[in-house]
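See below for the structure under consideration.
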Ligand SMILES: Cc1cc2nc3c(=O)[nH]c(=O)nc-3n(C[C@H](O)[C@H](O)[C@H](O)COP(=O)(O)OP(=O)(O)OC[C@H]3O[C@@H](n4cnc5c(N)ncnc54)[C@H](O)[C@@H]3O)c2cc1C
C-alpha cells in the first residue's frame, strides 16, 4: 500500500518520485520495467543549452540548473554535469540574424555570452571548417549531463527520502474502480495507491488508453551518431555546437564526437509498435533509415574540415 505510485524511472518519473518523497506526503513507490534510466534517458544527447528562441522555456531550463545544484548538494556528490559551454554557429546571413536575436535574448535573461570569430571557433572546435563560420556566439556556462546518470541520481535521492524503488517490475495495468484509481497491477502482484503518476515516457499511452485517457504525445524518431575516438580532432573539453543551417548539434563523447541531425519530417510510430526496450533495436526501421545521413547530412558535412 502506497500513497503515490510513479510508473517509469526515466528523468521525469525519477524526479517526480524525488520531489514527492522530499515533501514527505507519504509512502512513494517508483516502478520501472527495466533499469532506472534505461529508457530514452540512456539514449539522450543530453544537451542542456539555456537560450531558446521560445523564451518561455528559458526560466524552466534555468530552474533545471538550480535544481541540479540543489540535488548535488543534497547527495553530497557531483552528478557529472560537463560545463563545456555551447557555440551557436551561423553559416548564412539568415542564421546570423537569428543568432544575433538569441544573443540578445541570452543577455536579457542574464546568460553569459560573447561573440567569437572563426579562428577562435577553430581553436575550440578543431574539426570545424572555419570558412563556413560567418558568425558565432559562445555561452560558456552551458552544460551537458547524461540523462541516464541524472535519472539515477534522482532515484538515489528519492530512496534516501524513503521512496521504495521497484526496478525490473513492469506495470501491466493502472487499476481503477468507479472512476477512481486504486493502484497498479504488475507481474509480481497488485500494489494499492490512491494516486498514480504515469511517467512511462513513450509507453505512457499504453497504460493510460485503457482508462480512456489518451495523452497528446507520440514517440518520434531522433538520431545521432558517435565517431571513433580522435582526441586531437574532438577534444573532450570542446564546447557543444548548435548549427541551425544544418539542423545539427554536437558534443564531445569519450574522445569522439556525438553529432545529431534533426529530422525534417520527424517520423513517428504508434506506441503499440514500440519495441519493449530501445536496446539493440532501431526505433523506426525503413529502407531509408540510414539515408538521413546522406540526405540531411550534406549541409553538416560542409561544416567539417578534412573529414
Ligand atoms: C536520440 C535522442 C536525443 C535526445 N537528446 C536530448 C537532448 O539533447 N536534450 C534533452 O533535453 N532531451 C533529449 N532527448 C529527450 C530525452 O531523452 C527525453 O525527453 C527524456 O529522457 C524523457 O524522459 P522520460 O522520463 O519521459 O522517459 P524515459 O527516459 O523513456 O523513461 C520512461 C521509463 O518508463 C519505463 N516504463 C515504460 N513502461 C513501463 C511500464 N509499463 N512499467 C514500468 N515501467 C515502464 C521505461 O522502462 C523507462 O525507463 C533525446 C532523446 C533521444 C532519443
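In the numbering used here, the protein residues as written are 4 to 310.
Where is the CB? At the ideal position from N, CA and C, for every residue including glycine.
These numbers come from a predicted model, not from an experiment.
In the structure shown, residue 142 falls within a strand segment according to DSSP collapsed to helix, strand and coil. Secondary structure note for residue 162: its alpha helix (DSSP H) is the uninterrupted segment 150-163.
Residue range 243-246 is occupied by the beta strand (DSSP E) that includes residue 244. Every beta strand (DSSP E) of 3 residues or more that sits fully in the segment 6-32 is shown, in chain order, as 7-10. Under DSSP, residue 192 takes part in a beta bridge, and its partners are 189. The C-beta distance from residue 13 to residue 42 rounds to 5 Å, short enough to meet the 8 Å contact threshold.
DSSP places residue 175 within a strand segment (E or B) once states are collapsed to three. Taking residue 67 as the centre and dropping the five residues before and after it, the same chain places the C-beta of 51 closer than 7 Å to its C-beta, in chain order.
As a beta-bridge residue in DSSP terms, residue 118 pairs with 140. Judged by DSSP in its simplified three-state form, residue 303 adopts helix. Taking C-beta atoms under 8 Å as the contact rule, residue 88 and residue 242 qualify, at a distance of about 4 Å.
Per DSSP, the continuous beta strand (DSSP E) segment holding residue 253 begins and ends at 251-256.
Residue 4 and residue 196 have their alpha carbons spaced roughly 6 Å apart. Across the set 18, 174 and 54, the C-alpha of 18 shows the shortest separation from the C-alpha of residue 151.
Residue pairing of residue 65 in beta bridges, as defined by DSSP: absent, with no partner found.
Collapsing the DSSP output to three states places residue 93 in a strand. When 226, 98 and 201 are compared, the shortest CA-CA separation from residue 217 is found for 201. Annotated three-state conformation of residue 36 is coil, per DSSP.
Judged by pairs of C-beta atoms under 8 Å, the segment 198-215 does not touch the segment 62-76, as fewer than three such pairs exist.
A Cβ-Cβ separation of about 14 Å leaves residue 92 out of contact with residue 264 under the 8 Å criterion. The straight-line gap separating the alpha-carbon atoms of residue 113 and residue 59 is approximately 14 Å. In summary, residue 208 is buried, with 16 or more beta-carbon neighbours lying within 10 Å of its beta-carbon over all protein chains present. Boundaries of the alpha helix (DSSP H) harbouring residue 209: 207-211, taken from the DSSP string. Counting the other Cβ atoms within 10 Å of the Cβ of residue 27 gives fewer than 16, which makes it exposed.
DSSP places residue 261 in the uninterrupted beta strand (DSSP E) bounded by 259-264. At a threshold of 7 Å, residue 253 does not count as near ligand 1, since its beta carbon sits no closer than that to any of the ligand's heavy atoms. Counted as a single uninterrupted DSSP element, the beta strand (DSSP E) harbouring residue 229 occupies residues 227-229.
Around residue 257, the same chain offers 232 as residues with beta carbons nearer than 7 Å, after the five sequence neighbours per side are excluded. Per DSSP, residue 125 has no beta bridge partner at all. Judged by DSSP in its simplified three-state form, residue 131 adopts strand.
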